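According to the working numbering, the sequence shown is numbered sequentially starting from 3. Quick notes on the structure that follows.
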Amino acid sequence: MLGDGTDVTDTSVFLSVGVALIAALVLGEVVDRAGEPVILGEILAGIALGTYMLGVIDPDGAFALLASIGAMLLLFDAGYEEIDLGKLEQSGASVVVVALLGVGVPAVAGFATGVVFGYDPTASAVLAIAFGVTSIGVSARMLFDVDRLHTQYALHIVGVAALAEVVGLTAFSLLVTQQAGASLFQYVRILALVAAFFAGVFVVYRLLIGRFARMLGGSNQPNSELIGIMGLLFLFGYAADAVGLDAILGGLVAGLIVGTDRRFRRAQIREGIVGIAYGVFIPLFFVSVGARLDPSALLQFDPFVATVVTAGVGAKVGGGYLGGRLVGHDHADALIVGIGLLPRAGAELIVATSALAAGIIDQRLFVAVLALVLVSVLTAPLLLTRAIRRADAST
């Protein structure tokens, strides 16, 4: 509040955040006591409080910004603490193999489903993208909740999810450009921006991160390492979003790079992040995921919607399973890979909403994608927990 009585802050977001956190805590406790992952309770809290039910939370505006910070912090922590960039580089070929099946099989199934139900190739391509991508944030949190982010199959899941999101969002940008009758230059520009982002990442990783760490190490300011790394996190998030990708990928990249420098590892940056991240921002991200979902998408039977959900779930789990087996996972771990790639929530909603607004898809296809997102985010944590328990019991 300024001296002239002008209110420059919309404090209604405080109410949304407070209610969201309490609801996430309560429902998270309920599902945890029932032996299920906490993420499920946070998503259910979002569904109850979101746009299509109580309307307490508007998942856009200021709340969306806070949720986005949570998503970036979640992936930063995964990259910094749990995923070894050296191992990820060594596993690059196997990640690509798993992606060819875990992304390629469902994408083909999605396109074929659209064609069979009479949609044109452009609308069917949107469905292919929705089938192929994976919510990297949901997958990483599921694995974190069951303390499996350090495993080889988790590395494959997160690597494939990141690759799928990059390919999916880039493909959608090209699709929209094609639909608008753009020139060759505009196609090249989209690809060049994505390439420039990863070129910049490589330069920071190979040439700058060590210098940055030494500079921060020589600072007399308290918490200089934490402040500098948070600055790097937000810059990477902005850069990823600016080239048409998702800011969450910037968080993952920042975590992976920071985790490679021994000075930052010694500084124990995670201690300064984990409390506020998992206590505030990360739960808000999953509440936001739930708040965007319309449960009524499942109330009326539509053969097309039912086919999209069934084929989307089956092709994703099946493709991921085959990919996992092909790179050497046993049956139990390959099934975990397939289930870990199942959830859709971020890029899928972006693609479906943008395609509907651009007139590329109709309301029926949009509802079908929403139903697939809803089923995948609610069933994946349950299925993953059971698959890991069976795998542990068999060893």
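Just so you know, even glycine gets a beta-carbon here, dropped at the ideal spot from N, CA and C. In this text, all values refer to a predicted model and were calculated from it rather than measured experimentally.
| Check | Outcome |
| --- | --- |
| Taking the alpha helix (DSSP H) that residue 398 belongs to, which residues open and close that run? | Residue numbering for the chain in the displayed model covers 3 to 397; residue 398 lies beyond these limits and cannot be assessed. |
| With three or more beta-carbon pairs closer than 8 Å as the criterion, would you say the region 247 to 263 touches the region 48 to 58? | no |
| Under a Cβ-count criterion, where at least 16 other Cβ atoms within 10 Å of its own Cβ denotes burial, should residue 386 be classed as buried or exposed? | buried |
| Which ranges does the alpha helix (DSSP H) cover as unbroken runs of at least 4 residues, wholly within the region 246 to 333, from first to last along the chain? | 249 to 260, 264 to 268, 272 to 278, 284 to 293 and 305 to 328 |
| Pop quiz: residue 34 and residue 28 are said to be a contact at Cβ under 8 Å. What is the actual Cβ separation, rounded to whole angstroms? | With 8 Å as the limit, residue 34 and residue 28 do not qualify as a contact, their Cβ atoms being about 11 Å apart. |
| Less than 7 Å between the beta carbons of residue 382 and residue 334, yes or no? | no |
| Could you tell me if residue 213 is buried or exposed, where buried requires 16 or more neighbouring beta carbons within 10 angstroms of its beta carbon? | exposed |
| Grab the span of the alpha helix (DSSP H) containing residue 381 for me, first residue to last. | 365 to 395 |
| Ignore the nearest five residues each way along the sequence and tell me which others in residue 99's own chain have a CB closer than 8 Å to its CB. | 325, 328 and 329 |
| Out of 318, 366 and 359, which one is the CA nearest neighbour of residue 131? | 318 |
| Return the residue from the list 255, 292, 205 and 237 that minimises the CA-CA distance to residue 348. | 292 |
| What separation, rounded to the nearest whole angstrom, lies between the Cα atoms of residue 5 and residue 67? | Any reading at residue 5 must be qualified, since the residue scores a pLDDT of 49, below 50, and its modelled position is unreliable; the value itself is stated next. For residue 5 and residue 67, the distance between alpha carbons rounds to 28 Å. |
| Cα-Cα, which of 104, 117, 85 and 176 is closest to residue 344? | 104 |
| Buried or exposed for residue 7, going by 16 or more other Cβ atoms inside 10 Å? | For residue 7, the predicted model reports a pLDDT of 49, less than 50, meaning its position is unreliable; a value from the coordinates is still stated below. Burial call: exposed. |
| What are the start and end residues of the alpha helix (DSSP H) that includes residue 243? | 226 to 244 |
| If you check the beta carbons only, do residue 253 and residue 74 fall under 7 Å apart? | yes |
| How is residue 178 classed by DSSP in three states: helix, strand or coil? | helix |
| Going by the CB atoms, is the gap between residue 171 and residue 245 shorter than 7 Å? | no |
| For residue 219, which residues of its own chain have a beta-carbon under 6 Å away from its beta-carbon, when the five flanking residues on both sides are left out? | 265 |
| For the candidate residues 181, 203 and 199, whose alpha-carbon lies nearest to that of residue 362? | 181 |
| Decide if residue 273 is buried, meaning its Cβ has at least 16 other Cβ atoms within 10 Å, or exposed. | exposed |
| With 16 other CB atoms within 10 Å as the buried threshold, where does residue 304 fall? | exposed |
| Would you decide whether residue 31 is buried or exposed? Buried here means 16 or more other CB atoms lie within 10 Å of its CB. | exposed |
| Run the CB neighbour count on residue 17, radius 10 Å, all protein chains shown included, and call it buried at 16 or more, exposed below. | exposed |
| What does the alpha-carbon distance come out to for the pair residue 15 and residue 93? | 43 Å |
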